[in-house]
Amino acid sequence: MHGLTRPRLLQMPIKDFAREEDRKYQMDKYTAKGFSYERALADTEKLAPKVNTLLVEFEELLRSDKTLNAFGHSWDDLYVLPSLRVLTCVKDLVWPAKVRAYVEQNHADAGVACYFEHAC
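See the structure below:
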């Protein structure tokens, strides 16, 4: 997932990355650990289809429009929703309607914006 999201998050309207020096700090931190932003972007065509498959599989896990479990919100939702939100910055992903609605509705209810409109 980081291969798809890490280079794109720096382009999202995130306060932590508002200044060039903040973006440089973030990039330096991960390149020092061996992450290549250029390679990650080049690998988009290889990684996006894999994540698209996972999104389709995830749709089958949803037990309601707003939750993973039929009984309502749980720790499962709290665990999964932040990762799905980060993926909204990736333009090349194909979101199954039910998964996109799950992500958008839960984040709207929490007053947290997704990155669909800024995806790159």
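Using our numbering, you'd call the opening residue of the sequence shown number 208 and step up by one each time. Note that beta-carbon positions come from the ideal geometry of N, C-alpha and C, so glycine has one too. Every value quoted in this text rests on a predicted model; they were computed, and no experiment measured them.
Inset, instruction - May I have the straight-line CA-CA distance separating Glu264 from Thr238, to the nearest angstrom? - result: Those two C-alpha atoms are separated by around 32 angstroms.
Legend entry - Selection from Met208, Lys273, Thr260, Tyr286 that minimises the alpha carbon distance to Gln312: The shortest CA-to-CA distance from Gln312 to any of Met208, Lys273, Thr260, Tyr286 is the one to Lys273.
Inset, instruction - Please specify which runs of the beta strand (DSSP E), each continuous and at least 3 residues long, are wholly inside the segment 255 to 325, giving them in chain order. - result: With a minimum length of 3 residues, there is no unbroken run of beta strand (DSSP E) contained wholly in the segment 255 to 325.
Legend entry - Contacting residues, own chain, Cβ-Cβ under 7 angstroms from Thr178 (five flanking each side not counted): Only positions 208 to 327 of the chain appear in this structure, which leaves residue 178 out of reach.
Inset, instruction - Taking only the alpha-carbon atoms, compute the straight-line gap between Leu248 and Cys296 and give it to the nearest angstrom. - result: Inter-residue distance for Leu248 and Cys296 is about 13 angstroms (C-alpha atoms, whole angstroms).
Inset, instruction - Take Asp283 and list the residues in its own chain whose beta-carbon comes closer than 7 angstroms to its own, dropping the five residues that flank it on each side. - result: For Asp283, where only same-chain residues beyond five positions count, the Cβ hits under 7 angstroms are Leu275, Asn276.
Legend entry - Among Pro289, Leu254, Lys231, Glu227, nearest to Cys321 - alpha-carbon criterion: Measuring from the Cα of Cys321, the nearest candidate turns out to be Pro289.
Inset, instruction - Please list, in chain order, all residues of the same chain as Leu254 whose beta carbon is under 7 angstroms from its beta carbon, the five residues on each side excluded. - result: Only Gly210, Leu211 meet the Cβ criterion.
Inset, instruction - Tell whether a beta-carbon distance below 8 angstroms holds between Phe224 and Gln233. - result: Yes, Cβ-Cβ distance for Phe224 and Gln233 is below 8 angstroms.
Inset, instruction - Determine the burial state of Tyr309: buried for a count of at least 16 other Cβ atoms within 10 Å of its Cβ, exposed for fewer. - result: That one is buried.
Legend entry - Local conformation of Gly210 per DSSP, three classes: Residue state, collapsed to three classes: helix.
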